[in-house]
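Chains as they are written, first to last, in my numbering: chain A, 23 to 337; chain B, 23 to 337.
By construction, the Cβ of each residue, glycine as well, lies at the ideal position given by its N, Cα and C atoms.
Accompanying notes for the structure given below.
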C-alpha cells in the first residue's frame, strides 16, 4: 500500500494580512504528501536544488514520506515562488516565480513508485503528467490536478492527460475554463466524458463537490474565523482525499467511501490554511484530525431531514 | 398561522442566454410569497400601479396568498426592472429601473398583517423596514433581507433595522460588505452581535450557510444543469426558509428545524431558477417539492461518515 505523488517541491515566500514568511517549504507535492501521510504511505517524486537542506527533507521523512525519488540537482536551486494575499485571502498575487531546477524536471520513477498502489499527478506540465502516467504500472487509482497556466497554454496536452486518469481534481474556475462551460454540472459531465470516473470540483471556502457515476455530492467548507495562509489548500485537500482513498478505500469507489474521502480532504485543507506553509499540518496530531472530522460531520449532518408533513396539502 | 412579507412587487423584463421575457410578474415579495405559500398562509404587503392586472393578482391568490395589503395606486405604474444575465448567469446587469409607485411606498399593515405569526422584511429601504417592524405586534419570528444599494447608501439605518430582527438573510458579498469583514464566519458573528439570533448567508450556486446559537451548518446548492433565469432565487430561498419555519417550526429554532428550513429554501430557489420569472414555481406541485427535497438530502447525506480506523496510527 503506497501512494506516489509527482509535483513541485518548492520554497515559498508568502505575505498575508497576518504576517509574512521567507522561503518556507512548499510546493504541490509537499502539501499533498504531508496531508496524505496521515492516511497512507506516501512516495514523493520531485526535484530540488542544492539549497534544499536536511531540515526540509526531514519534514517529509518525519511523516514517513519516502523521498527516494526526490531528485537533488547539485549546484541547482529549488523552485521558488513569492506571493501575497490581500485582505480577502482569496486570490494569490504572484510577485516572483523562479522555476530553477523545476524547469528541467523529468520525473523518474523508481521501481517502488512505478508499482505503487495509487498515483497522483500533481500540478506539473501536462506532457510530464502523461509521461509519468505511462511509466506507472501499479494498476491503481490515478488522479490529476492542474492549473490555469496549462489550461491556457497546453489545453490539448492537458486533455490528453485527463483521458488517461480515473479522477480529476480541479477548482471551480479551472473546470469552467477547461471545458468552456460556465455551468459546473455540465462542465463536470464534459470532463467525465473524457474518461475519468469522477471529478472533484474544489470551491475554496465554499467547500467541494463530487460528480461521479453515482451522482452528485456537495459539501460546505469547514468554517474558519482565521485563515492565515491559503497556499497549498487545494493540494492538502487532494492529499487528504487521495490518501484516504488509497489507504482505506481498498479499491472501493462507492459514494460512501468517496464522501468520506471528500470530508477528509476538506479537513486537511482547513488545517493547512490555519498556519503559514506547512507549519500547521506538520504539527497535527491524529486526535486533531479526528476531532475536526467529527465536528465537520456534525456541521453538515442532515440525518434528521424529513420534509414530513410540511407542505400545506398535508395539513 | 400566517406569514406576512413586505417587499417589492414588480414587472421584470429579463434576457438570459436562454431567451427573454417582457414584463413578467416579479419583485422580492412576489418570489418570496410564492415560495412560502407551499408551506404556510402568506400575506403580501406591497404597492402596485394600475397596470397590475387581474391576471397578476390571480398568480398570487391562486396560491392562497392574501393580497389585502397589496395597495393599488390609481393612475400609477408598477415598479419596473429590466436586466440581463450573461453566459455565466451569476451577476445581473441592470439595464433600466423605474421605481414608479414603489418610490412613494409607505407600507400599511392591516390588522391581519400586524398580528400575523411571523414577519419578513424583504428588500426595501431600511427605514421602511424599521417602520413595519414597529407596527408589527404578532410577537413572532422577524426576518430581514437587504441589498448592496442600502448597504452603500443607508448603512446606519440598515444596522438599526437589523438590531430589531431575529434573523438576517443576506448573500455572501452583502454580509462581507455590510460588516467590512472579508471572513464570512467573523462577519456573521458581527451581525449576530447586533441582535439577530441567526444569520443565513446565501451563496448562490454554492449553497447556503447558517450561523446561529448552536453553531454552523453548511449546505451545497442543488446542482442544476440548466439555469434559465436566476432572478428571484434569493427571495425564493427566503420564502421557502421562512415559510417552512413559520408553518412548521412552532417557534422551535433548533438546529434540526433550521437545517430543514435551509434545505426547503434551497429546493425552492432551485425551482425558481429553472424557469423565467415565476413560471416554474407557479407550476410546481407538492410532489415536485417532495421529490427534490429527498434527492437533495441524499446528495448531502453524510450519515455513513465515520473516520473509523482511517488514520495510519490505527493500523
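- Straight through space, the alpha carbons of residue 114 (chain A) and residue 69 (chain A) are spaced by roughly 24 Å.
- Within the stretch 226-306 of chain B, the complete alpha helix (DSSP H) runs of at least 4 residues fall at 255-270, 277-294 and 301-304.
- If you look at residue 201 (chain A), you'll find it isn't in any beta strand (DSSP E); it sits in the alpha helix (DSSP H) that goes 194-201.
- Proximity of the stretch 153-167 of chain B to the stretch 183-196 of chain B meets the contact definition, three or more beta-carbon pairs being nearer than 8 Å.
- Flagged as an interface residue toward chain A: residue 229 (chain B), by a C-beta distance shorter than 8 Å.
- Rounded to whole angstroms, the gap between the alpha carbons of residue 293 (chain A) and residue 61 (chain A) is 15 Å.
- Note: residue 69 (chain A) is bridge-paired with A:93 in the DSSP secondary-structure output.
- Scanning its chain for C-beta atoms nearer than 6 Å, with the 5 sequence neighbours on each side dropped, one finds around residue 258 (chain B) the residues 53, 57, 290, 291 and 294, in chain order.
- In the displayed model, residue 321 (chain B) falls within a helix according to three-state DSSP.
- Assigned with DSSP and collapsed to three states, residue 131 (chain B) falls in coil, not helix or strand.
- Any Cβ of chain B closer than 8 Å to the Cβ of residue 241 (chain A) would place that residue at the interface, and such an atom is present.
- Relative to residue 284 (chain B), the option among B:171, B:298 and B:243 whose CA is nearest is B:243.
- Straight across, the Cα-Cα distance linking residue 140 (chain A) with residue 26 (chain A) is about 6 Å.
- The Cβ-Cβ distance between residue 263 (chain B) and residue 286 (chain B) falls below 8 Å.
- Contact annotation, residue 55 (chain B) with residue 66 (chain B): C-beta distance approximately 5 Å; criterion of less than 8 Å satisfied.
- DSSP lists no beta-bridge partner residue for residue 207 (chain B).
- In the DSSP secondary-structure assignment, residue 219 (chain A) is not bridged to any residue.
- With respect to the 8 Å criterion, residue 123 (chain B) and residue 95 (chain B) are classified as neighbours on the basis of their beta carbons.
- Residue 31 (chain B) carries a coil assignment under DSSP once its states are collapsed to helix, strand and coil.
- Collapsing the DSSP output to three states places residue 186 (chain B) in coil.
- Between the alpha carbons of residue 102 (chain A) and residue 239 (chain A) lies a gap of roughly 36 Å.
- In the displayed model, residue 113 (chain A) falls within coil according to three-state DSSP, outside both helix and strand.
- Contact between residue 321 (chain A) and residue 237 (chain B) is confirmed by a C-beta separation of about 7 Å, below the 8 Å threshold.
- Per the coordinates, the alpha-carbon of residue 97 (chain B) lies some 45 Å from the alpha-carbon of residue 233 (chain B).
- Distance from the CA atom of residue 222 (chain A) to the CA atom of residue 245 (chain B), rounded to whole angstroms, is 14 Å.
- In terms of beta-carbon proximity, residue 183 (chain A) stays away from the interface with chain B, with every pair separated by 8 Å or more.
- A distance below 8 Å between beta-carbons, with the five flanking residues on each side excluded, links residue 182 (chain B) to the following residues of its chain, in chain order: 148 and 152.
- For the stretch 240-263 of chain B, residues whose beta-carbon sits nearer than 8 Å to a beta-carbon of chain A comprise 240, 241, 242, 243, 245, 246, 247, 248 and 249.
- Straight-line spacing of the CA atoms in residue 155 (chain B) and residue 28 (chain B) works out to 10 Å.
- At a Cβ-Cβ threshold of 8 Å, residue 197 (chain A) and residue 179 (chain A) do not count as neighbours.
- A direct Cα-to-Cα measurement between residue 251 (chain B) and residue 116 (chain B) gives close to 14 Å.
- Bounds of the beta strand (DSSP E) holding residue 164 (chain A) are 163-166.
- Shown in chain order are the members of the stretch 66-99 of chain A whose Cβ falls below 8 Å from a Cβ of chain B: 86.
- Counting along the chain, residue 54 (chain A) sits inside the alpha helix (DSSP H) bounded by residues 50-58.
- The shortest C-alpha to C-alpha distance from residue 224 (chain A) to any of A:254, A:215 and A:248 is the one to A:254.
- Apart from the 5 residues on each side of it in sequence, residue 306 (chain A) sits with its Cβ closer than 8 Å to the Cβ of 60 and 293 in its chain, given in chain order.
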